[in-house]
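Residues in the sequence shown are numbered consecutively from 960, following this note's numbering.
Built from N, CA and C at the ideal position, the CB exists for glycine as well.
Small disclaimer: the values here were computed from a predicted structure and weren't measured.
One structure is given here, and the rest of the page talks about it.
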Amino acid sequence: MPAAPDDDARPAWLGLVQVTLAGLLWGTIGVGVKLVRRHALLPVLMIGAYRAVIASVVLTAVVLVTRRRPTVRRMLSHHAMPAISVGVLTGAFQVLYFISLVTANVSIATVISLGVAPLLVTSVTGIRERSMPARRHVTSVVVALTGLALVSGASHGAHETPHPAIGIVTAIGSGVCYGAATMLAEPLTRTFDAISVTAVTTPAAAVAVVPVAVIAAVGGGDRLVTSNPAAMSLLVYLGVVTTALAYALLYAGLRTTRSGVAVIATLLEPVAAVLLAAAILDERLSTLGLVGSGLILAAIAVLGSVPDEPEPVSQ
960 MPAAPDDDAR PAWLGLVQVT LAGLLWGTIG VGVKLVRRHA LLPVLMIGAY
1010 RAVIASVVLT AVVLVTRRRP TVRRMLSHHA MPAISVGVLT GAFQVLYFIS
1060 LVTANVSIAT VISLGVAPLL VTSVTGIRER SMPARRHVTS VVVALTGLAL
1110 VSGASHGAHE TPHPAIGIVT AIGSGVCYGA ATMLAEPLTR TFDAISVTAV
1160 TTPAAAVAVV PVAVIAAVGG GDRLVTSNPA AMSLLVYLGV VTTALAYALL
1210 YAGLRTTRSG VAVIATLLEP VAAVLLAAAI LDERLSTLGL VGSGLILAAI
1260 AVLGSVPDEP EPVSQ
């Protein structure tokens, strides 16, 4: 039965590197989606559904080939609720984030959605452990969120939106879902290997995303499928690399990286997206975007330099 590796045998920095790599892979999603839509007019939410389904199929095959079925069965027998909850929350995060993008200014939606998660995780962790977060951690959160605001504002111009209030509410909801999913996944990754966790949570995410995507596509008169080879290849990339591999890296990293640090490290996603868009799509890279990217990198470097030591609350 494949088991999770011994934490003591893994250097602490490895987990942060794995989480950071997950964020970088997620940063390629935006460019990938734009390239898919150049070849096939699939709605964005439908592309997200394909990501989840393709990843689920690939992960199921990996579980069968690597003989992880006993581990998956044990997880579903004894930890079904948290595992399925992680998947459903991940799917809800994607759906709500998409809604926020189309109903509110993209930069505002990005800052709120990705910014709520570290604030939520830091607050909940402090309450649960009855301790104040280390000053270094709080400073890193502030620096990272400042960088996020600069990157998002530099990469998305302001424009009028039809339902800004709905966009803000759904952005907050998506951030809460992402933060909650990360916190629930952390204890699972300390018990089961990352591939098994990903193989269970991803189909649950697909169940949450696919019906919404299909209903939205049918209601909007959009396409459900494509036969374009280039689009299909890109969908496979989005499913295998940005979903199956990226989430496996996240869950592997959570074995030695606290969820509060992980949600900050994954803020590299918008940094990677901006840099990749400039390189591949010839989008303009502004000075603010570079400064924001530097702030996020600095925050991650500080968090990875020494372990967090919470400050106890006076009783």
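Separation of residue j from residue i, as counted between CA atoms
i	j	result
Gly1138	Pro1092	16 Å
Glu1145	Arg1087	14 Å
His1096	Leu1244	29 Å
Val1177	Ser1099	44 Å
Ala1260	Val976	10 Å
Leu1183	Leu1001	7 Å
Thr1185	Leu973	39 Å
Arg1214	Thr1160	16 Å
Val1075	Val1102	14 Å
Leu1023	Lys993	33 Å
Ser1252	Gly1112	12 Å
Ala1020	Ile1174	28 Å
Thr1030	Phe1151	7 Å
Pro1162	Tyr1210	15 Å
Val1047	Ala1039	12 Å
Ala1257	Leu1247	15 Å
Ile1239	Ser1036	46 Å
Asp1181	Arg1028	38 Å
Pro1170	Arg1094	43 Å
Cβ separation of residue i and residue j, assumed to be a contact under 8 Å, to the nearest whole Å
i	j	result
Phe1057	Leu1004	5 Å
Thr1202	Arg1010	5 Å
Leu1234	Val995	Not confirmed; about 20 Å, so no contact.
Leu1143	Pro1077	Between Pro1077 and Leu1143 the Cβ distance is about 16 Å, and since that is not below 8 Å, they are no contact.
Ala1130	Ala1063	6 Å
Val978	Ala1189	Incorrect: roughly 31 Å between the Cβ atoms, too far for contact.
Asn1187	Ala999	5 Å
Pro1229	Thr1069	6 Å
Val1045	Leu1147	7 Å
Ala981	Leu1249	At roughly 23 Å, the Cβ-Cβ gap does not stay under 8 Å, so Ala981 and Leu1249 are not in contact.
Collapsed DSSP secondary structure at residue i in the structure displayed
i	result
Ser1186	coil
Ser1090	strand
Leu1000	coil
Ala1158	helix
Gly1179	coil
His1037	helix
Leu1244	coil
Gly982	helix
Leu1109	helix
Leu1213	coil
Thr987	coil
Pro1077	helix
His1122	coil
Ala1063	coil
Leu1226	coil
Trp972	helix
Thr1030	helix
Phe1052	helix
Neighbourhood of residue i by C-beta distance below 6 Å, restricted to the same chain and skipping five residues each side
i	result
Thr1049	Ala1140 and Ala1164
Gly1232	One point to set straight first is that residue 1232 is Ala, not Gly, in the sequence displayed. Result list for Ala1232: Gly986 and Gly989, in chain order.
Tyr1206	Thr1157
Gly1007	Gln1053 and Val1168
Chain-order list of residues whose beta-carbon lies under 7 Å from that of residue i (same chain, five-residue window excluded)
i	result
Leu983	Leu1227 and Ala1231
Ala1051	Cys1136 and Ala1167
Val1080	Gly1138, Thr1141, Met1142, Ser1218, Gly1219 and Val1222
Ile1071	Ile1127, Ala1130, Ile1131 and Gly1134
Tyr1196	Gly991
Thr1216	Gly974, Leu975 and Val978
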